[in-house]
Amino acid sequence: MKKILNNPVDYVDEMLEGLIAAHPHFYRLHGDSGRVVVRAMPGHRGKVGLVTGGGSGHLPVFTGYVGAGLLDACAIGDVFASPSAEQMADAIRFADQGAGVLRLYGNYGGDIMNFDMAGELVEFEDITCTTVVLADDVASAPLAEREKRRGVAGMVYAFKIAGAAAESGRDLAAVTKVAQKAADACRSIGAALSPCTVPQVGKPTFHIAEDEMEMGMGIHGEPGVWVDKLRPADAIAGEMMDRLLADMPLAKGDRVSVMVNSLGATPPEELYILYRIVKARLEAAGATIVMPLVGRYATSMEMAGVSFTLLKLDPELEGLLKAPCECAFWRV
Amino acid sequence: MKKILNNPVDYVDEMLEGLIAAHPHFYRLHGDSGRVVVRAMPGHRGKVGLVTGGGSGHLPVFTGYVGAGLLDACAIGDVFASPSAEQMADAIRFADQGAGVLRLYGNYGGDIMNFDMAGELVEFEDITCTTVVLADDVASAPLAEREKRRGVAGMVYAFKIAGAAAESGRDLAAVTKVAQKAADACRSIGAALSPCTVPQVGKPTFHIAEDEMEMGMGIHGEPGVWVDKLRPADAIAGEMMDRLLADMPLAKGDRVSVMVNSLGATPPEELYILYRIVKARLEAAGATIVMPLVGRYATSMEMAGVSFTLLKLDPELEGLLKAPCECAFWRV
Amino acid sequence: MSIDRAAVVAGITRLAAAMERDFDLLNTADGALGDGDLGVTMTRGMRMVAEGAEALPDDLGKALLACAQAFTKSSGSSYGTLMATGLMAMAKALKGRESCEAAEFSGLVALARDAMQARGKAELGGKTVLDSLNAVALATAGVSDPAAVATAAVQGARAAMEAFRDKPATVGRARIFAEKSRGLDDPGMLAMTEVVVALAG
Amino acid sequence: MSIDRAAVVAGITRLAAAMERDFDLLNTADGALGDGDLGVTMTRGMRMVAEGAEALPDDLGKALLACAQAFTKSSGSSYGTLMATGLMAMAKALKGRESCEAAEFSGLVALARDAMQARGKAELGGKTVLDSLNAVALATAGVSDPAAVATAAVQGARAAMEAFRDKPATVGRARIFAEKSRGLDDPGMLAMTEVVVALAG
Ligand SMILES: Nc1ncnc2c1ncn2[C@@H]1O[C@H](COP(=O)(O)OP(=O)(O)O)[C@@H](O)[C@H]1O
Ligand SMILES: Nc1ncnc2c1ncn2[C@@H]1O[C@H](COP(=O)(O)OP(=O)(O)O)[C@@H](O)[C@H]1O
Ligand SMILES: [Mg+2]
Ligand SMILES: [Mg+2]
Ligand SMILES: [Mg+2]
Ligand SMILES: [Mg+2]
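Residue numbers (my numbering), protein chains in the order written: chain A, 20 to 351; chain B, 20 to 351; chain C, 306 to 506; chain D, 306 to 506.
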């Protein structure tokens, strides 16, 4: 897959420059690192701050979800690389409105260490921080070792729900609690059909044969559950639903939201073909689908593939999911 | 590029099934052909109807733009194939609220013949129809032969503006006139980096070498201006802007909207890199950018590449562009 | 022997069978420079027409209108649309009549040709189905014996294919490959020739 | 001879030069099973530290804190973050002091090791930079002569690499390829060995 870029080392900075030029009413840069994106219209004084951070190359994740009813600030690293603790600290400083800051991010080594460290840096400045780590990818570890799982598209739901909770005026403990509840109620699985290329590397990060796919692969190409011949859409959707429902069984009367997400190159036409099966399986389990999300919510640049995320709702989560939010990529 | 599908002959019907299952509050099927998508919440009685039609494989074009402040109905064919005149006639019948119907579609042989024919079919039913054909692709014919140009992403602007005019209560002549004005004020150009595969064909429609790109290629792979080595992003954007501005020069004080559109696989990161140059060039020409659109607005499934569309505004067009609209893919 | 509903139904039966037979032939001819779907268009279209044949009314105008609608329903391709257009033009001329004479054939084909030309906005002489129809209309002009009309129609269609084979395509998808198209039959002309042969019986 | 600001600045100069030299070595070592960026991390990090060396204060705690911040600014990679963590731990211990003795070296390294272990949540014995630091702390424990401390530190780091070479990786990206990692030096251990060698002068 070919890329449109200039000097690969400028990829992230030029991307951010264009993002902010195109959407100045949503985003602006904060601090002097050039890698901290914050709300152009900051939340009100006394609102709990929400920050995230992670590598570039996943738009709308992470930066895109800065906005009203969503995140206050985001520290963004090179493609697939953690931002620095200093950048995260800058994001936390911006996000703090006197009510403390929730750090909400995916379960990756560099991000964890840096967010921990960023928390220590801002501790001296009397900013209280809490943490919720997203670990929704069922393919990356068995249920018994949930804390080892990677964070993937489920973080979009967590951003949304925590964002709505913060916007509604809840305190840090309450926002953290409901964000953790959302994180715990999320299950994701991905299937990749093609690799993607990290600009500074210049060649695909991994390889999938022309007639094969990899079930359960991570969003940077981390190994999955199996590699096999490409299957029909209904079979792929069926197996992905099997694995999600085995991990988080649903019962009659349950209410769930579901995200059918393209990893990048896979077009919406294919997502809708898959959605038929997703819907049928959820309804067969007796569940009611609330606000299904079909589109590109968490990607890996031009990688072809899909992920499904289930979010099991209770009345509190459902209310927060449906609350208004607005960024350049998503509006509820 | 690999695809996720079942039997290729079911591709369009399954896609529509999923689309409507996911967004029942936006879309529903009308008539018995299974290929006419209409607003779930029809426009008010007396509103001018807006219909389009064309081949599948371009989501959000065409079907996706059915919605409030946009289209009333859309007839959708197989991938890259015109729907039938009967289907178009069904779309027209639904769209008619007693005030007549504007047919707004791209300049392709099959679509033109069928829409003409559909108009004759509904003439007997006392439905008045007008037509605006979109021909915005500057690469497909010289300015002197504008009527031969293909219709590409510019149709999104035309849908938006005509949709807002119809919603505001203007009559058929007025809606047609402003839609034609929008069509005349649009210029587009595309650059393709990779082909795409029509499901029923099963292999890529055309070929582009691994290190090459084609400037000015059409959205079904129709030949363009040149094939050359892949250039840096800034050079690509610069040449595309050169060609657009040569075709429709801008002067100091002009107000324009611009769409930086992915043909499918190209990720938003790359669009934002390109947008820097688009913005710089427009500002250098003295123009002010209004409501830039950066994303996937008109695609060819998993094709990699981009298109730029310029829309030169006057106060009337600007007002209509900014008026509210809502569909599953776009909200203003 | 005049042409009535029964003759139309018999013609449909022969034509539908011919198009089943020519599925690959026409796809291949179209595939050389176009998108290879002409066999699909004709086979599907004639299947739809044949399905409705039993229910056709005696009014020849209404009967041909029903055939036209079957074509429009089955495909949005250029050729299917042109076929429907031609049928509609003939339908309009025959509205309210339950029979017509062989001597009227030439005039009806000319009506179809003109309507299709208006629809597709292409010139005569462009190596398309229009040139086949034009040749058939000319060859059958002034002929009134049913058998002679049939023979003249087939000869006219075949002669047009011969005459245009080495010219470049100017219309539709093949236009892009105008030079390559020299020496190849236009798929639309080929299809119309097979249609005429099948109708001639 | 005690360690003061001047000694720190001199150490930084040697270390920065060493990391420019080892850019490819470390990238290649990391690239075998990881993402090949360890040379980038160390070279960029030490460039940032060296840029700030002139402006370092006499307070050793504040000086090392500035070094830690330079590392965090330059990279978010695991190793850069661990380096910053270790430096911060030593900075805290030395806060308010303008010199320290060679005899304190072992204890300071142990503090860094423990802080980095807390940060990365990895066990000792996992074939990581922690095992290098642990070996250095043990090898220099109870030694107070500056030259003897330097020699012991280098020996300790090298011995740890030897000892762990044939074990499987258990931490970081290479963990996925645990079996393949046998026989290969852990890139983080290799980097720390080069750091210790450069500091020893
Ligand atoms: N505008 C036109 N006028 C007359 N004939 C046309 C026109 N366009 C196409 N044709 C005829 O239709 C044939 C191709 O039909 P078809 O395969 O259905 O086209 P497509 O697949 O491009 O829609 C051509 O060989 C030509 O005879
Ligand atoms: N959690 C951890 N605890 C201790 N050491 C670690 C940890 N994670 C990584 N390392 C060390 O860091 C080295 C890799 O560093 P680096 O290339 O920066 O990692 P990455 O590129 O994955 O962020 C490993 O060789 C190992 O010595
Ligand atoms: Mg064809
Ligand atoms: Mg066709
Ligand atoms: Mg590394
Ligand atoms: Mg790294």
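Quick reminder that beta carbons are idealized off the backbone N, C-alpha and C, glycines included.
For Tyr-124/A, the uninterrupted beta strand (DSSP E) segment begins and ends at 120–125. Counting along the chain, the unbroken alpha helix (DSSP H) around Met-421/D starts and ends at 410–425.
Taking the Cα of Val-85/A as reference, the smallest distance to any Cα among Gly-62/A, Val-309/A and Asp-32/A is reached at Gly-62/A.
In the structure shown, Gly-339/C adopts coil according to DSSP, grouped into three states.
Contact check for Ala-408/C and Leu-392/C: beta-carbon distance about 20 Å, past the 8 Å limit, so the pair fails to qualify. Using a Cβ-Cβ distance cut-off of 8 Å, the stretch 75–93 of chain B and the stretch 171–180 of chain B are in contact, since at least three pairs of beta carbons, one from each stretch, lie closer than that value.
Remark: the shortest separation between the CB of Leu-343/C and any heavy atom of ligand 3 falls under 7 Å. Take Thr-195/B, set aside five residues on each side of it, and the residues of its chain with a beta-carbon closer than 7 Å to its own are Leu-121, Thr-149 and Val-151, in chain order. For Leu-290/A, DSSP assigns no beta-bridge partner whatsoever.
Contact annotation: in the stretch 130–149 of chain A, residues whose CB is within less than 9 Å of a CB in chain D are Asp-130, Ile-131, Met-132, Asn-133, Asp-135, Met-136, Ala-137, Glu-139 and Leu-140. Boundaries of the beta strand (DSSP E) harbouring Met-278/B: 274–281, taken from the DSSP string.
Distances from the CB of Asp-335/C to the heavy atoms of ligand 1 include at least one below 7 Å. Under a criterion of Cβ atoms nearer than 7 Å, the residues of chain B adjacent to Gly-425/C are, in order, Met-132.
Per the C-alpha coordinates, the member of Asp-261/B, Thr-307/B and Met-278/B positioned closest to Lys-271/B is Thr-307/B.
Put simply, the CB of Ser-276/A is far from chain D, with every gap to its CB atoms at 8 Å or more. For Thr-333/D, the nearest beta carbon of chain A is not closer than 8 Å to its own beta carbon. Within chain A, the residues whose beta carbon sits less than 7 Å from that of Ser-383/D are Gly-128, Gly-129 and Met-132, listed in sequence order. Taking the Cα positions, Phe-99/A is about 11 Å away from Gln-219/A.
When Cβ-Cβ separations below 8 Å define contact, Ser-326/B makes no contact with chain A. Its Cα nearest to that of Glu-467/D, the residue Asp-491/D stands out among Asp-491/D, Glu-428/D and Glu-484/D. Look at Ser-159/A here: in three-state DSSP terms it is helix. In summary, the residues of the stretch 83–113 of chain A whose CB is separated from some CB of chain D by less than 7 Å are Gly-96, Ala-100, Ser-101, Pro-102, Ser-103, Ala-104 and Glu-105, in the order they occur in the chain. Within the same chain, and ignoring the five residues on either side of Ala-375/D in sequence, the residues whose Cβ sits closer than 8 Å to its Cβ are Gly-350, Met-353, Val-354, Glu-356 and Gly-357. Counting of Cβ neighbours within 10 angstroms places Pro-79/A among the buried residues, the total reaching 16 or more. Between Ala-158/A and the set Ala-317/A, Asp-253/A, Glu-241/A and Ala-183/A, the nearest pair of CA atoms involves Glu-241/A. At a beta-carbon threshold of 8 Å, the residues of chain B lying near Ala-389/C are Ala-104 and Met-136, ordered along the chain.
In this structure, the beta-carbon distance from Thr-71/A to Tyr-124/A falls below 8 Å. At least one beta carbon of chain A lies nearer than 8 Å to the beta carbon of Lys-378/D. Distances from the CB of Asp-340/D to the heavy atoms of ligand 5 include at least one below 7 Å. In the DSSP annotation of this structure, Cys-148/B is not part of any alpha helix (DSSP H); the continuous beta strand (DSSP E) holding it starts and ends at 148–153. Bridge pairing for Met-234/B: Ala-210/B and Trp-245/B [DSSP].
Annotated as distal: Asp-155/B and Thr-318/B, with beta-carbon spacing of 8 Å or more. Short note on Ser-101/A: C-beta not closer than 7 Å to any heavy atom of ligand 5. For Asp-29/A and Met-497/C, the gap between their C-alpha atoms comes out near 60 Å. Between the C-alpha atoms of Cys-205/B and Tyr-316/B there is a straight-line separation of about 15 Å. Within chain A, not a single residue places a beta-carbon under 8 Å from that of Thr-216/B; the smallest gap is close to 11 Å.
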